[in-house]
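Heads up: the sequence shown runs through residues 12 to 511, numbered per the working numbering.
We put the CB at the ideal spot given by N, CA and C, even for glycine.
Note that the coordinates shown come from a computational prediction; the quantities given were computed from them, not determined experimentally.
Report on the structure given below.
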Amino acid sequence: MTVFLIISSITILLLSYYLLQGLVCKLRNIPPSPFAFPIIGHLHHLKDPLHQTLYKITNKVGPVSFLHFGQRRILHVTSPSAAEECLRENDIVFANRPRLLTGAIFGYNWKTLIWAPYGNLWRNLRRISTIHIFSLHSLQLSSGIRSEEVMSLIHRISRELERENRTVHIGEALFEMSQKVMMRVLAEEGLKGEEAKRFRNVIEEIMRVEGSSTIVDVFPWLRYLGVKQRLWRRFRGLAEEKEKILDDLLEKNKCQGISSNRLQKAFIQVLLSLQKSEPEFYTDEMIKGLFQVLLLAGTDTSAGTIEWALSLLLNNPMVLKKAQYEIASQIGHDQLIEESDLSHLPYLRSIIYETLRLYPAAPLLIPHESSEKCVIAGYNIPRGTMLLVNVWAIHNNPNYWAEPEKFRPERFQGMEKDEEQMKYKFMPFGSGRRACPGEGMAMRMVGLTLGLLLQYFKWERPGPELVDMGVKNGLSMPKAQPLRARCQPNKSMAHLISQA
Numbered sequence: 012m013t014v015f016l017i018i019s020s021i022t023i024l025l026l027s028y029y030l031l032q033g034l035v036c037k038l039r040n041i042p043p044s045p046f047a048f049p050i051i052g053h054l055h056h057l058k059d060p061l062h063q064t065l066y067k068i069t070n071k072v073g074p075v076s077f078l079h080f081g082q083r084r085i086l087h088v089t090s091p092s093a094a095e096e097c098l099r100e101n102d103i104v105f106a107n108r109p110r111l112l113t114g115a116i117f118g119y120n121w122k123t124l125i126w127a128p129y130g131n132l133w134r135n136l137r138r139i140s141t142i143h144i145f146s147l148h149s150l151q152l153s154s155g156i157r158s159e160e161v162m163s164l165i166h167r168i169s170r171e172l173e174r175e176n177r178t179v180h181i182g183e184a185l186f187e188m189s190q191k192v193m194m195r196v197l198a199e200e201g202l203k204g205e206e207a208k209r210f211r212n213v214i215e216e217i218m219r220v221e222g223s224s225t226i227v228d229v230f231p232w233l234r235y236l237g238v239k240q241r242l243w244r245r246f247r248g249l250a251e252e253k254e255k256i257l258d259d260l261l262e263k264n265k266c267q268g269i270s271s272n273r274l275q276k277a278f279i280q281v282l283l284s285l286q287k288s289e290p291e292f293y294t295d296e297m298i299k300g301l302f303q304v305l306l307l308a309g310t311d312t313s314a315g316t317i318e319w320a321l322s323l324l325l326n327n328p329m330v331l332k333k334a335q336y337e338i339a340s341q342i343g344h345d346q347l348i349e350e351s352d353l354s355h356l357p358y359l360r361s362i363i364y365e366t367l368r369l370y371p372a373a374p375l376l377i378p379h380e381s382s383e384k385c386v387i388a389g390y391n392i393p394r395g396t397m398l399l400v401n402v403w404a405i406h407n408n409p410n411y412w413a414e415p416e417k418f419r420p421e422r423f424q425g426m427e428k429d430e431e432q433m434k435y436k437f438m439p440f441g442s443g444r445r446a447c448p449g450e451g452m453a454m455r456m457v458g459l460t461l462g463l464l465l466q467y468f469k470w471e472r473p474g475p476e477l478v479d480m481g482v483k484n485g486l487s488m489p490k491a492q493p494l495r496a497r498c499q500p501n502k503s504m505a506h507l508i509s510q511a
């Protein structure tokens with residue numbers, strides 16, 4: 012009898028809470044929510060991969076939903092129209108970032124390009140990176156570096172084929188190539204050998220945890236119980252290892268001296284020269300923070316997109332043959348693809364777009380936060396609400412894409428004519444003020460690498476089974492199983508590779 016009364020009481024309390032929650036939502040005109048428990052809110056729903064879980068739990072309440080992760084308010088958006096309201100019409104309102112603990116630990120107390128609040132610091136960091144790394148002029152200056160490293164990748168694969176009976180571990184090779192490219196663009200004296208491998212491991216671990224919420228982020232009162240200090244200690248080893256590598260790298264570049272040839276200055280050298288005239292802004296911490304963000308963003312995302320694209324092509328051999336036919340007909344067998352040729356390879360570009368649709372580098376855009384009250388889809392959104400735009404959900408919604416689960420690059424052919432209409436249905440690089448500034452570099456890097464790999468090698472799966480397309484937990488949607496593939500050189504191209 013006592014057990015029955017306890018269960019009945021709990022049931023009545025939960026039902027009352029649920030009804031009260033619905034009434035409050037209607038009175039305050041905030042977006043609908045699925046069932047939530049007191050105190051923990053919707054935390055009990057969450058499991059990996061987060062972008063898919065969020066889509067499932069909010070699918071019943073609509074494309075704009077209001078969630079509670081503990082005490083933190085979340086606006087979850089899964090439609091192009093709502094995303095447009097957030098990222099264009101209310102762009103300034105949502106230009107801030109939430110102050111997550113991992114952003115403080117790895118982002119120098121929220122002072123990097125990713126985590127800095129909207130204001131003068133962020134604008135200056137954005138301006139510096141755009142001018143010296145991502146502008147058209149800078150991209151043209153760095154094109155030689157990309158070409159050299161992609162050719163080094165081709166030679167590496169060719170050597171590996173001799174040892175591994177035509178099977179290559181392509182995922183690892185792509186990551187190392189992307190890291191070398193970014194390192195050469197960013198630093199005069201880069202990381203090499205074991206130091207580069209060690210930093211790669213650090214990067215992968217930081218990418219896994221940075222941007223994720225900790226228990227202190229959802230229950231701020233726990234910091235008074237010492238939980239925040241324990242979390243600091245948990246991440247301190249990783250942060251200190253990252254810091255030591257960056258300190259050594261900065262010192263090497265200081266000792267190297269600043270090149271007098273402006274065209275050959277690496278990014279870190281530009282910042283060190285500016286440090287002499289404005290030391291109060293161009294501090295060592297600021298330089299390391301900007302370097303870290305650009306290296307993280309430019310390495311894992313490009314390598315991952317190429318790996319996903321090759322995986323999809325191996326599982327869809329007719330698309331692979333069509334891409335190779337386009338390359339052969341447009342470029343021929345007497346020259347290798349260059350970046351300037353990419354505009355003449357629309358099907359290759361469509362393959363990249365379709366890969367980014369199915370496997371966006373950021374399935375959930377890096378969180379935004381509202382700096383004041385606003386209205387989205389007719390609902391009132393309180394100040395201090397974290398915004399999660401579920402790009403993966405938008406890209407895989409049958410309301411916006413026919414047969415979204417299928418790999419069909421043809422759907423993007425002629426997209427340039429409909430670019431404005433497609434803008435918020437397809438957002439692999441985000442949108443608005445906080446959109447990724449590296450889209451131009453990424454498309455060049457991915458296009459050149461994928462194009463040359465398809466031009467020079469004949470590819471096939473290691474066995475009859477399809478390539479595993481499972482996703483591993485992480486901010487950038489990495490593959491669960493690194494790609495292994497069988498390939499052999501295209502004999503008609505061998506003479507060009509040997510000369511490169």
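Give the DSSP-derived three-state secondary structure of Leu-202 in the structure shown. coil
Report the CB separation of Val-88 from Val-75 in whole angstroms; it is logged as a contact under 8 Å. 6 Å
Contact under 8 Å by Cβ, Tyr-390 with Pro-45: no
Quickly, what does DSSP pair Leu-399 with across the bridge? List them, please. His-87
Since Pro-357 is in the alpha helix (DSSP H), which residue starts that stretch and which ends it? 357 to 369
Assuming the contact rule is C-beta atoms closer than 8 Å, Pro-374 and Met-454 should be a hit. Round their C-beta distance to whole Å, please. No, Pro-374 and Met-454 are not in contact; Cβ-Cβ is about 19 Å, not under 8 Å.
Within this structure, are the beta carbons of Glu-221 and Phe-117 separated by less than 8 Å? yes
Inter-residue Cα distance where the pair is Arg-273 and Tyr-467: Annotation note: pLDDT 48 at Arg-273 (below 50); position unreliable, coordinate value reported separately. Going from the Cα of Arg-273 to the Cα of Tyr-467 covers about 35 Å.
Starting from Phe-77, follow the beta strand (DSSP E) in both directions and report where the run begins and ends. 75 to 80
Taking 8 Å as the cut-off, decide whether the C-beta atoms of Ser-140 and Leu-301 are in contact. yes
Neighbourhood of Ile-51 by C-beta distance below 7 Å, restricted to the same chain and skipping five residues each side: Gly-81
With Thr-6 as the anchor, note down where its alpha helix (DSSP H) starts and where it stops. Here the chain covers residues 12 to 511 and nothing more, so residue 6 does not appear.
Closest to Leu-324 by CA distance: which of Ile-362, Asn-408, Ser-354 and Gln-341 is it? Ile-362
For a test of the three-state rule: what should DSSP assign to Trp-8, helix, strand or coil? The requested residue 8 does not occur in the structure, where the chain is confined to residues 12 to 511.
Who does Glu-380 pair with in a DSSP beta bridge? Asn-107 and Met-397
Unbroken alpha helix (DSSP H) run spanning Gln-517, endpoints: Since the first residue of the chain shown is 12 and the last is 511, residue 517 is not available in this structure.
Every unbroken beta strand (DSSP E) inside the segment 214 to 287 [3 residues or more]: none
Could you round the C-beta distance between Ser-322 and Met-218 to whole angstroms and report it? I think they count as a contact, below 8 Å. Contact doesn't hold; Cβ gap of about 19 Å is too wide.
Would you kindly report the start and end of the unbroken beta strand (DSSP E) that includes Asn-391? 390 to 392
Return helix, strand or coil for Thr-69, following the three-state DSSP convention. helix
Does DSSP classify Leu-375 as helix, strand or coil? strand
Note down the Cα distance separating Ile-85 from Asn-131, rounded to an integer number of angstroms. 26 Å
Taking the beta carbon of Met-188 as the centre, do at least 16 other beta carbons fall within 10 Å, making it buried, or is it exposed? buried
Tell me which residue opens and which closes the beta strand (DSSP E) that Ile-387 is part of. 385 to 387
Glu-159 to Ser-92 span [Cα, whole Å]: 42 Å
Between which two residues does the alpha helix (DSSP H) holding Gln-151 run? 147 to 152
Contact the segment 352 to 371 vs the segment 310 to 320: 3+ CB pairs below 8 Å: yes
Rank Ile-214, His-406, Ile-348 and Arg-247 by C-alpha distance to the C-alpha of Leu-465 and give the top, closest one. Ile-348
Are there 16 or more other CB atoms within 10 angstroms of the CB of Trp-126, so buried, or fewer, so exposed? buried
Looking at Leu-124 and Leu-11, is the spacing between their C-beta atoms short of 8 Å? With the chain running from 12 to 511 in the structure shown, residue 11 is simply not present.
For His-62, which residues from the same chain have a beta carbon less than 6 Å from its beta carbon, with the 5 sequence-adjacent residues on both sides left out? Pro-374, Leu-375, Asn-401 and Trp-403
Do the CB positions of Leu-112 and Leu-307 come within less than 8 Å of each other? no
For Met-426, which option in Tyr-358, Trp-470 and Ile-377 has the closest C-alpha, if you only look at C-alpha atoms? Tyr-358
Would Thr-64 be called buried (16 or more neighbouring beta carbons within 10 Å of its own) or exposed? exposed
Determine the DSSP secondary structure at Cys-97, reduced to helix, strand or coil. helix
Once you ignore the five residues that flank Pro-231 on each side, which residues in its own chain have a CB closer than 8 Å to its CB? Gln-82
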